[in-house]
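What follows is a single structure, written as structure tokens, with notes after it.
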Amino acid sequence: MRSCTSLLPLLALSGVFASRVYRDLNNADCSIYIDAAQRGRQRTDALSSPDSIQHKERLRQKFPQTNSHALGEYEKDGKFVKFSNIPYAAPPIGDNRFARPGTPEYNKTKNDGSRSAICPQYQVGWYPAAEEFIEDMLLIPALPSKWTKKINVDDYEKLNPKQELDPRSSEDCLLLDISVPKHVWDCRGKKGRFSAAVLVWIHGGGYISGSKDDIGNPESLLKTADNEENTGVIHVAFNYRLGAFGFLGGGDLMDEYGTPNAGLWDQKHAIDWVLDYIWDFGGTAERMTVMGQGAGASSILHHITAGGGKSKDLKPKFNKAILHSPAFFPQPNVTVDDINYKTFLKLSNASTLDELVQKDTKRPMWANANMTYSSSYGGFRFGPTIDNFFVPDLPGKLLKKGSFWKGISLLLGHQEFDGLLFTPPWIRDNAQLREHVKSLFPSANEAVLAEVDKKYKISGDMEPKSQIFTASDFFNDLAIRCNTYWLGDAMSAGVSPDLLFVYRYVFNVVPAVHGHDVPYTFVNPNPLETEIWPRYTADKRKVMNIGRPGQFAVPDNTYRPGDDVMDRQRCDYWANAPYYTPSDKAKFVVQNNLG
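All the letters of the sequence shown, read from the start, carry residue numbers -18 to -1, 1 to 577 under mature numbering (1 follows the signal peptide of the UniProt record, and there is no 0).
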């Protein structure tokens, strides 16, 4: 029985790494010979001409932090060089707290990369129970009876206010790592060299946890992309602000000139940093791909819909993107953002934003931990919020209206059972599902709840696991699966597949739960040869099914292309966000000088 061992062949098929080139590994002058058939296809219009990379590279000065950064050690067999903990933005502390990221000050002291940090964070209180529940779902034939009992916030283990937070946590956390193939580093700046492609990783974690170090060593990915037919890939990973520090929102915050979605601004700043300075490391941003999983993938979705595709300042600086399970739970309405802001002020012992930015870091960090931990089962207290500027509306609605940045090639995918992680284990009928939907979205009216009953019908004749899997389809559709459908359809509509590449896959290798595909992306134990992957187009929706034959009653073979089996009507319904009712207070005008 064959099974998929890596997603890397899929990345190669999607054209992520490079145009076809021939590299003489013994060539002293580092020249690259491009296949003539491919040379004419290279895109020179990846970015608008006034902002072209070549123009910037001719005019800009060398980045001072690069000149003062110690050379990373050669990893293992000496195939690549790593630079750790480069500050890409000024520390978001003091008056810079809850503001857009700024440019770091020049520091003549050599940065040896030893000062590491993660952004302030805490895990949701329901996560340990969810891990145990998923393990029981996959390994135990009959579920224990304890999973029929509702889990409330009061049932979580109590937080100890005297407990130390993660010692790595610091608000001065806007750092990035760069891993460069050794031959690319050695050949940088030399005549005739061909710049390497760039892969920028945005970590997941529900917008409340995670860091640039979560994936570990990208060595296998770099080696797969580095051979005689490719110029190699430079890997970049960065931290961004999380939880209340990165995703406060609402009218009250903006009335005080605070910046909503600061974490998204951090990501944009990091990508812009790569755009400006990756040349110094041997790469070119014209061949930049951004890749993310979970919250990282849905962050990319928000960058693609940033400003409704109108504000040039928000135009993405990439033309290829890989989205693994883009998970995003929309806020029920903007009033919730105001409630979160006021709660955070109270727990931080502050009454205004001015008071909040003057607080010692420990009090706000504990306030963030308390609010994050007390998220209801399956939910997250913080995430992207509508601000009428960076996020003018929910992504699904923007994509449906055509209000997004076009011309970006995509590789989109989700897990077969992505929604299971977020599904309350006690839901065994539609009445319980209704109750939970109403708790998540108080604005959902009877018509919406009736559609939930109709589209996710849970029968009393089903086995308990089947009942739970049916309920999980709701969470999968709403938060993840439909995002890939909406984005794939919108981006491929009216565009020749010869000019724009869109691919979609479903990952069903056991256990096929949220986050399970990440190790397959960064590990490559002799992947199978694959047949040609059909592109996803608006009129021919082909989705690659990655898994083993017969697994979880899925008949598709490994890497076997098939029709889009997703219930399109369900996603078309959720695209209108019928559960979302903006309050009158949401109709505010965002200040042009946020932050």
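Cβ atoms here follow ideal geometry from the backbone N, Cα and C, with glycine treated the same way.
Thinking C-beta only, is residue j closer than 8 Å to residue i?
{"i": "Pro102", "j": "Leu156", "result": "no"}
{"i": "His396", "j": "Pro406", "result": "no"}
{"i": "Gly364", "j": "Ile190", "result": "According to the sequence as given, residue 364 is Phe; it is not Gly. Against a cut-off of 8 Å, the Cβ pair of Ile190 and Phe364 comes out as a contact."}
{"i": "Ala99", "j": "Pro86", "result": "no"}
{"i": "Gly378", "j": "Gly276", "result": "no"}
{"i": "Ala461", "j": "Ala309", "result": "yes"}
{"i": "Val106", "j": "Phe362", "result": "yes"}
{"i": "Ser202", "j": "Asn221", "result": "no"}
{"i": "Asp400", "j": "His496", "result": "yes"}
{"i": "Lys205", "j": "Gly60", "result": "no"}
{"i": "Ala226", "j": "Phe372", "result": "no"}
{"i": "Ile160", "j": "Phe65", "result": "yes"}
{"i": "Trp408", "j": "Trp129", "result": "yes"}
{"i": "Thr287", "j": "Leu147", "result": "no"}
{"i": "Arg410", "j": "Pro446", "result": "yes"}
{"i": "Lys420", "j": "Ala429", "result": "no"}
{"i": "Asp369", "j": "Gly231", "result": "yes"}
{"i": "Leu158", "j": "Ala207", "result": "no"}
{"i": "Tyr555", "j": "Glu398", "result": "no"}
{"i": "Thr317", "j": "Glu153", "result": "no"}
For residue i and residue j, which I take to be in contact (beta-carbon distance under 8 Å), what is that distance rounded to the nearest angstrom?
{"i": "Ser391", "j": "Asn301", "result": "7 Å"}
{"i": "Pro479", "j": "Asp248", "result": "34 Å between Cβ atoms; not a contact."}
{"i": "Val182", "j": "Gly265", "result": "Not quite, the Cβ-Cβ distance comes to about 10 Å (not below 8 Å), so this is no contact."}
{"i": "Tyr138", "j": "Asn350", "result": "In fact, because the Cβ distance is near 16 Å, the residues do not count as touching under 8 Å."}
{"i": "Leu402", "j": "Thr466", "result": "That pair is no contact at about 17 Å."}
What residues in its chain sit with their C-beta under 7 Å from that of residue i, if we drop five residues either side in the sequence?
{"i": "Tyr359", "result": "Trp108, Ile133, Pro406"}
{"i": "Ser281", "result": "Ile184, Leu246, Gln249, Gly274"}
{"i": "Pro424", "result": "Pro314"}
{"i": "Ala332", "result": "Leu338, Lys341"}
{"i": "Ser30", "result": "Reliability fails at Ser30, whose pLDDT of 28 lies under 50, so the model's placement of it is uncertain and the value that follows must be treated cautiously. For Ser30, where only same-chain residues beyond five positions count, there are no Cβ hits under 7 Å."}
{"i": "Lys297", "result": "Trp387"}
Using the rule of at least 16 other Cβ atoms within 10 Å of the residue's Cβ for burial, across every protein chain shown, is residue i buried or exposed?
{"i": "Asp320", "result": "buried"}
{"i": "Pro366", "result": "buried"}
{"i": "Ala267", "result": "buried"}
{"i": "Ile122", "result": "exposed"}
{"i": "Glu117", "result": "exposed"}
{"i": "Val135", "result": "exposed"}
{"i": "Gly384", "result": "exposed"}
{"i": "Asp455", "result": "buried"}
{"i": "Asn315", "result": "buried"}
{"i": "Tyr88", "result": "exposed"}
{"i": "Arg223", "result": "buried"}
{"i": "Asn322", "result": "buried"}
{"i": "Tyr562", "result": "buried"}
{"i": "Asp27", "result": "Reliability fails at Asp27, whose pLDDT of 32 lies under 50, so the model's placement of it is uncertain and the value that follows must be treated cautiously. When all chains shown are included, Asp27 counts as exposed."}
{"i": "Asn67", "result": "buried"}
{"i": "Asp237", "result": "exposed"}
{"i": "Thr334", "result": "exposed"}
{"i": "residue 596", "result": "Outside the modelled stretch of the chain, which goes from -18 to 577, sits residue 596, for which no answer is possible."}
{"i": "Leu305", "result": "buried"}
{"i": "Arg97", "result": "exposed"}
{"i": "Gly278", "result": "buried"}
Report all residues from its chain with a CB closer than 6 Å to the CB of residue i; omit the five preceding and five following residues, and keep chain order.
{"i": "Pro374", "result": "Gly290"}
{"i": "Gly228", "result": "Ala244, Gly245"}
{"i": "Leu431", "result": "Arg416"}
{"i": "Asp435", "result": "Asn412"}
{"i": "Leu376", "result": "Pro312, Ala559"}
{"i": "Arg269", "result": "Ala179"}
Residues in the same chain with beta-carbon distance under 8 Å from residue i, minus the five sequence neighbours each way, listed in chain order, please.
{"i": "Asp77", "result": "Val339"}
{"i": "Lys382", "result": "Trp468, Ala472, Ala557, Asn558"}
{"i": "Asp295", "result": "Gly289"}
{"i": "Ser151", "result": "Ala99, Ile100, Cys101, Pro102, Gln103, Met347"}
{"i": "Lys439", "result": "Asn412, Thr452"}
{"i": "Phe263", "result": "Thr48, Phe65, Ile160, Val162, Val166, Trp167, Arg170, Ile216"}
Thinking just about the alpha-carbon of each residue, which of the options is nearest to the one in residue i?
{"i": "Lys140", "options": "Asn352, Ser448, Asp195", "result": "Asn352"}
{"i": "Asn142", "options": "Gly231, Tyr355, His251", "result": "Tyr355"}
{"i": "Pro493", "options": "Met119, Leu422, Lys447", "result": "Met119"}
{"i": "Ser357", "options": "Tyr70, Pro110, Val256", "result": "Pro110"}
{"i": "Tyr70", "options": "His251, Val215, Tyr239", "result": "His251"}
{"i": "Phe451", "options": "Ser96, Asn67, Leu125, Ser330", "result": "Leu125"}
{"i": "Val256", "options": "Gly231, Tyr239, Met444, Lys299", "result": "Lys299"}
{"i": "Ile253", "options": "Tyr438, Thr271, Asp262, Tyr239", "result": "Thr271"}
{"i": "Asp196", "options": "Glu114, Val500, Asn370, Arg550", "result": "Val500"}
{"i": "residue 590", "options": "Arg345, Asp549, Glu114, Arg97", "result": "This structure cannot settle anything about residue 590, because the visible part of the chain is limited to -18 through 577."}
{"i": "Gly476", "options": "Phe489, Gly233, Gly389, Ser293", "result": "Gly389"}
{"i": "Arg79", "options": "Gln145, Asn199, Glu113, Leu235", "result": "Leu235"}
What I want to know is whether the C-beta of residue i ends up closer than 7 Å to one or more non-hydrogen atoms of the ligand MG.
{"i": "Trp408", "result": "Ligands in the displayed structure: none, and consequently the ligand MG is not present."}
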